[in-house]
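Undergrad: Here it is: the structure, laid out below.
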Amino acid sequence: MIISVNWLKKFTAIDLPIDELATLIGARLVEIEEVIDLGKKYEGVVVARVVECVKLEGSDHLNVAKIDDGGVIDDIERDSNGYVQVVCGAPNVREGLLVAWLPPSSTVPETYADTEPFVLSARKLRGVMSNGMLASAKELDLFDDHDGILEVDQEVVPGARFADVYELNDFLLDIENKSLTHRPDTFGIIGFAREVAAIQGNAFTTPDWLLDTSPNFVEKNGDVTPPMVTIDDPLLSERYQAVVLAGADGSMKSPLEIQTYLSRVGVRPVSAVVDVTNYLMMLTGQPLHAFDYDKLLAVGGGKADIHVRAGRDGETLELLDGRTITLSDNDIVIANADTAIALAGAMGGSSTEIDSTTKNIILESATFNLYNLRNTQMRHGIFSEAITRFTKGQPAALTAPVLASAVRLLAASTGATRVSEVTDTLKTLRNPDPIELTVSQVNAALGSKFSAADIVDTLQHTEFDVTVNEDTHTMNVVPPFWRSDIHIGEDIIEEVGRLNGFDSIEPKLPLRDFTAVSPDAFDKTRAALRRALVRAGANEVLSYSFIHGDILKKAGQNPENSYRITNSISPDLQYYRQTLTPSLLSLVRQNEKNGFDDFALFEMNKTHSKAHGLNDEKVPGEIDFLALTVVRKKASDDAAFYQAKKYLEYLAGSFGLELRYDPVANDVEYPVTAPFEYRRSALVTDVRSGEFIGVVGEYKKSVAKAFKLPVYSAGFEIDPRAILAATAKNGFDYTPISRYPSSERDVCFKVDDAVNYAQIVTSAQQALQNDSSVQYQISPLDLYQAADESTKNITIRIRLTPFTETLTGQQVSEYIDGVIAAVTKETGATVV
Amino acid sequence: MTDIDTLRDTLLARIQTLETPHDILKASEFKALYSVIPTLDPAERGAYGKRINQLKTELEAAASARQEALEDSSVMPLDITAPWQLNSTAPLLLPTEQGTQHPLTRELEEVIDIFTRMGFDAHESRQIDDDWNMFGALNFPEGHPARDGYDTFRTEEGYIPPAHTSTMQNRVLKAGKAKLESGGQIASISYGRVFRNEDVDATHEHTFYQCEGVFVSDDATLGQMLGTLRAFFEEYYGQKLKIKTQPGYFPFVEPGLEFAIEKPAALGGKPGDWLEMLGCGMIHPNVLRAADIDPDKYRGFAWGGGVERLVMLKYGIEDLRHFESGKLTFLRKFL
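Chains as they are written, first to last, in our numbering: chain V, 1 to 832; chain L, 1001 to 1335.
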């Protein structure tokens, strides 16, 4: 929405410099996107009179004009009379005409905002000197007009500034419509001016004609049957008024000043009849529509039998802009008899369009259901000034004063006379409900110190009706009819705070007791997980929650298990991810291409799979995961599995967990295990708490191929809440430091290839764990397999720490022999 | 034509014997099919060519399947319990110096820490929710124009990837009701991912993070809201700050405001430079009612703002798209 400051000034005094005004409006009404200095565009434009006009010899359309500019322009070639010569090709240039002259070195307003604005000069046209140009409305950036140069329609002295004559020394305020969605009244200049008055601390007086909700219409001079109006469904329209006018001259133009005001706020001038309806809409926020009465009768078989009804399935309507649309039952149409003639609130139909031959019109002033119109707006892509206003919810009380004013203005400007009674579907006008509140309620909510008088003044400035009961300190507030957004005490409190400036309220801190607030345990766990992985050289990433169905498929996951976005921006963002690993894998290739050969990425985030079902609140369950992927570009004989496992062990160590690695079944596919190769992956459980942590491993060959991963790539996907649960269950396991020295022995077991490392360690532990006087620690030293052998050597180091006495060599050997016996029995190992 | 069918069976059988199954397309019998084309009647060539192509597609599919099976059978199981590979040594972690935390989670931790110290508890926001929590409980009736401003996505089932962290507000209020009614206050922040159907450029993302705060007590005021927000930003930037507001319309607050701070000196700010940080306001009575809190006894304020903006300002990050790009060139700048 564009607001003209000069237009505001016709209703309230504004003395502030423009930047201060913009700041004040920003602080107390609405953010201003941009302030446009309109006057700058017209700085060089001068009103001049054509004193002589002759055809240019050898041209079929050019004229040589001598113009009188009152001598205001310096440094220009003049004839003996002081006139300036300009060549002009417009058909309407003629002696005596007052024109807008763009002298040399002035800028053509139409090109003002261009990167290279067109600056005029004195130059020869067909050998004849032409000083600047005589401008058309289009060149003046006012509106498209194909009739030739602009004809100044006010009697002014040549040499006057064009901008002064038409009040174009103006500032335009650009405001985003949605910032005022809740304020239909501010979509009219008068409503906006009311706010501007009040935020400056001034009272505002709405013009009487707009306050009069049961106005007298100009005298009827004719006897046409008033249009019949039926609202077929009362939900579609609260009020519909219509009246017939005769003798309107459809070819007449509005005064240029009206046209410049319309065009500067973005409305194209059309004809006097149409301009009056638009002018009143911009002034009051109430859209009007004019139908050609004779065309309307023709559609309805000679009758004006207007119906406001829902569109019908498959029904079509040709609009003013030439488009034929197909209606739905969500659209509201205006029909005569049974034929749709307009898309209510949005756009008129071509069958009843006003044109230059129009004589008789029917004027509509109505309200329509804003929810239907919002639907219409989106479905048909109509963003007219009218629908913008209707969708804010204009009050029913407004239709009458605006209609009365339109009839009056049309009579004055086009000679139209009212020939019918005014049809009105509304029986009784509902008055706004009064709202009661106290001064202390206002101050308690705002933290302010307003007196009763402050509050009353503030509200009265915007024409609220306020009475104060001195005994109860209660205020009775009745909002004016145009404030359909005011319903409850909080709305009044907002008005008081806003109009006085929220910034005038002293910021204070709430009081609280000394109770400590604990950080969330899961947040602490996550922070610790991040720190650990960062210490381990990994890089945390964030990636989108939505992914392409192909990414799911590449990772071996079924898109059917993902929630699908119906209005996604692109197929790349169509599905919720089920786990994080696919997102990480799709980041590997691009980083390798950027020269990173050796890296680990991790992400901690929520995931969503239909497999998780709904929670107690009947919304989809959310599962947190922590995924890591580690890759190395250089090929290696080592399995990347052990690298990923190393990361997991490092994390586990940071949290005091002891992990057990179990095989992954081949036949069960969970989203989380889907990308992993079951023969080279493990399910991970914390031994002490029994919490299942997640999966670690290498990726399936098909997955690695699909994501173009290097051969050396592996990762894990684990549940950070399980880590929290495990740590909480395990507690902290401290044993006092022993006073006796520890002993170490290394043992090398030769076992069959099929025996795994854990079997050896587990048997060794079992042999030692029954003796509480000794603590033990078992760690790997060496894993060796000779070429072509079906056995391997596993060397472990056993560290024994006694608590009751120093161990003798004999005692240590007994412990070690026990271990050897247990391992040998369990695995068939021989000691090397 | 029949010779194609016979050949098809022969070739498909042969694929199962090949160690490099895609070589089937180089088989001389198959290649020979092509050389037949020029000898045919021009009217028949099209149909014949089509048959060859069908066969080729079929052979490729069979070859791929065989290739996959071969690869699968070549996968060697590992001792998943071992600490490292046989005949090798313990793998090393990557150098600590190259590890980085994402700047967004880093700042988010900072924000949460400040609010925790100020007395707010913290919850992560949901990433999929229903219409009631996203709109209904927040005084946005069905079809309300203000819903348009949120450009929400929808799932097939009608769930919404939340467009604001206020999707948690009704839950937070309900959870705090008992504490409030026993003489306490509700002081809580919700943070997390939100989603909007927006075209992406250097300053717009469809996925971003917000942090939302709620405070309810028996005497909350708009002045306290301004004080709380100022206190947060002063702690975050470590300096005294000027603040200003402008009216803003959000159906779940009344009055509603947009909140700005004077750009801190640490960010190269000069007096008169303002940064719009968040939207805020006094919680609308209907929102309290939706959580079964009596708006005649209790009042509250709430606010919500983007997290990326804080991070971008702090580090001078030029493009919002870096955050979710997963690019190490970006991430490794935050050592």
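A virtual CB, placed ideally from N, CA and C, is assigned to each residue, including glycine. Only a predicted model underlies this, so the values are computations on that prediction, with no experimental measurement involved.
1. Drop a sphere of 10 angstroms on the beta-carbon of L/Glu1181, count the other beta-carbons inside from all chains shown, and report buried for 16 or more, exposed for fewer.
2. Check distances from the C-beta atoms of the stretch 19-44 of chain V to those of chain L and list, in chain order, the residues that come in under 8 angstroms.
3. As an exercise, report each continuous beta strand (DSSP E) stretch of at least 3 residues that is fully enclosed by the stretch 100-162 of chain V, in chain order.
4. List the residues of chain V that L/Tyr1159 touches, going by C-beta distances under 9 angstroms, in chain order.
5. Alpha carbon to alpha carbon, how far is L/Tyr1048 from L/Met1001? Give it in angstroms, no decimals.
6. Which two residues bound the contiguous alpha helix (DSSP H) that contains V/His307?
7. Between the C-alpha atoms of V/Gln557 and V/Ala516, what's the straight-line distance to the nearest angstrom?
8. Please classify V/Thr467: does DSSP put it in a helix, a strand, or coil?
9. Using the Cα positions of V/Arg78 and V/Tyr261, report the straight-line distance between them to the nearest angstrom.
10. Out of V/Ile565, V/Ala639, V/Ala640, which one is the CA nearest neighbour of V/His608?
11. By the DSSP assignment, the beta strand (DSSP E) with L/His1277 in it spans what residues?
12. Check the Cβ-Cβ distances between V/Glu506 and every residue of chain L, and say whether any is below 8 angstroms.
13. Identify every run of the alpha helix (DSSP H) within the stretch 230-288 of chain V, keeping only runs that are complete inside it and at least 4 residues long; order them along the chain.
14. Is L/Met1001 helix, strand or coil by DSSP?
15. Can you tell me where the beta strand (DSSP E) holding V/Ile334 begins and where it ends?
16. Ignore the nearest five residues each way along the sequence and tell me which others in L/Thr1152's own chain have a CB closer than 6 angstroms to its CB.
17. Using a C-beta to C-beta distance shorter than 8 angstroms, which residues of chain C count as neighbours of L/Phe1215?
18. Closest to L/Thr1221 by CA distance: which of V/Val270, V/Leu446, V/Tyr740, V/Leu102 is it?
19. Looking at the secondary structure, which residues open and close the beta strand (DSSP E) in which V/Arg880 lies?
20. Hey, V/Val30 and V/Phe171: beta-carbon distance below 8 angstroms or not?
21. Using a Cβ-Cβ cut-off of 8 angstroms, state whether L/Met1001 counts as contacting chain V.
22. Taking just the CA atoms, how far does V/Arg512 sit from V/Ala726?
23. With L/Thr1100 as the anchor, note down where its beta strand (DSSP E) starts and where it stops.
24. For chain V, find out if any of its Cβ atoms is closer than 8 angstroms to the Cβ of L/Gly1306; answer yes or no.
25. I'd like to confirm something about V/Met604: is its beta-carbon nearer than 7 angstroms to some heavy atom of the ligand ADP, or not?
26. Inspect the beta-carbon positions of V/Ile67 and V/Tyr83 and report whether they are closer than 8 angstroms.
27. Would you mind stating whether V/Thr414 and V/Met282 have Cβ atoms separated by less than 8 angstroms?
28. Can you tell me the Cβ-Cβ gap for V/Leu533 and L/Gly1099, rounded? I've got them flagged as a contact below 8 angstroms.
29. Tell me whether L/Trp1084 sits in a helix, a strand or coil according to DSSP, three-state version.
30. Suppose only complete runs of 4+ residues qualify. What are the alpha helix (DSSP H) ranges in the stretch 450-531 of chain V, listed by chain order?
31. Going by other Cβ atoms of all chains shown within 10 Å of its Cβ, with 16 needed for buried, is V/Phe162 buried or exposed?
32. Taking 8 angstroms as the threshold (C-beta atoms), are V/Val751 and V/Thr791 in contact?
33. Unbroken alpha helix (DSSP H) runs of length 4 or more, entirely within the stretch 155-233 of chain V: which are they?
34. Let me check understanding here. Comparing Cα to Cα, which of V/Ile362, V/Thr357, V/Asp686, V/Phe716 lies closest to V/Ile334?
35. Can you find the residues in the same chain that come closer than 6 angstroms, C-beta to C-beta, to L/Ala1137, ignoring five residues on each side of it along the sequence?
36. Spatial neighbours of V/Asp355 within its chain, please: C-beta separation below 8 angstroms, excluding the five flanking residues on both sides.
TA: So, to answer that:
1. L/Glu1181 is exposed by the Cβ-count criterion.
2. When CB distances to chain L are screened at a threshold of 8 angstroms, the residues of the stretch 19-44 of chain V falling below it are Gly26, Ala27, Arg28, Leu29, Val30, Glu31, in chain order.
3. Runs found: 122-125, 128-131.
4. Simply Tyr563, Val619, Pro620.
5. Legend: pLDDT at L/Met1001 = 48, less than 50; position of this residue unreliable, value from coordinates given subsequently. The alpha-carbon separation between L/Met1001 and L/Tyr1048 amounts to approximately 8 angstroms.
6. No alpha helix (DSSP H) contains V/His307, which is instead part of the beta strand (DSSP E) from 305-310.
7. In this structure, the straight-line span from the alpha carbon of V/Gln557 to that of V/Ala516 is close to 45 angstroms.
8. Reduced to three states, the DSSP call for V/Thr467 is strand.
9. Whole-angstrom Cα-Cα distance: 34 angstroms.
10. Among V/Ile565, V/Ala639, V/Ala640, the Cα nearest to that of V/His608 belongs to V/Ile565.
11. Per the sequence shown, the amino acid found at residue 1277 of chain L is Met instead of His. Residues 1274-1283.
12. Yes, its Cβ sits closer than 8 angstroms to a Cβ of chain L.
13. Secondary structure remark: continuous alpha helix (DSSP H) runs of at least 4 residues inside the stretch 230-288 of chain V, in chain order: 256-264, 272-284.
14. Confidence in L/Met1001 is poor, its pLDDT being 48 and thus under 50, which makes the residue's placement unreliable; the coordinate value appears in the next sentence. Coil, per DSSP.
15. It spans 332-336 - the beta strand (DSSP E) in which V/Ile334 sits, taken as one unbroken run.
16. So the qualifying residues of the chain are Ile1160, Ala1163.
17. The displayed structure is made up of protein chains V and L, and chain C is not among them.
18. In terms of CA proximity to L/Thr1221, V/Leu446 leads the group V/Val270, V/Leu446, V/Tyr740, V/Leu102.
19. Any property of residue 880 of chain V remains undetermined from this structure, which presents chain V solely from 1 to 832.
20. Cβ distance not < 8 angstroms, so V/Val30 and V/Phe171 don't count as in contact.
21. Any reading at L/Met1001 must be qualified, since the residue scores a pLDDT of 48, below 50, and its modelled position is unreliable; the value itself is stated next. Cβ-Cβ to chain V under 8 angstroms: no for L/Met1001.
22. CA-to-CA, the gap between V/Ala726 and V/Arg512 works out to about 35 angstroms.
23. For L/Thr1100, there is no enclosing beta strand (DSSP E), since its DSSP letter is neither H nor E.
24. Answer no: the Cβ-Cβ gap between L/Gly1306 and chain V never drops below 8 angstroms.
25. Inclusion of the ligand ADP in the displayed structure is not the case, the ligand content being empty and no account of it being possible.
26. Yes; because the gap between Cβ atoms is below 8 angstroms, this pair is in contact.
27. In this structure, V/Thr414 keeps its C-beta atom at 8 angstroms or more from the C-beta atom of V/Met282.
28. The Cβ separation is near 7 angstroms, so the contact holds.
29. Reduced to three states, the DSSP call for L/Trp1084 is coil.
30. The stretch 450-531 of chain V contains, as complete alpha helix (DSSP H) runs of 4+ residues, the segments 452-461, 489-500 (chain order).
31. Burial check for V/Phe162: the Cβ neighbour count within 10 Å reaches 16 or more, so the residue is buried.
32. Yes, they are a contact pair.
33. Fully enclosed alpha helix (DSSP H) runs of 4 or longer: 162-165, 189-199, 208-211.
34. When only C-alpha atoms are compared, the closest one is V/Ile362.
35. Here L/Ala1137 has Asn1170, Ala1290 as same chain residues with Cβ atoms under 6 angstroms from its own Cβ, once five neighbours each way along the sequence are excluded.
36. Gly250, Asp292, listed in sequence order.
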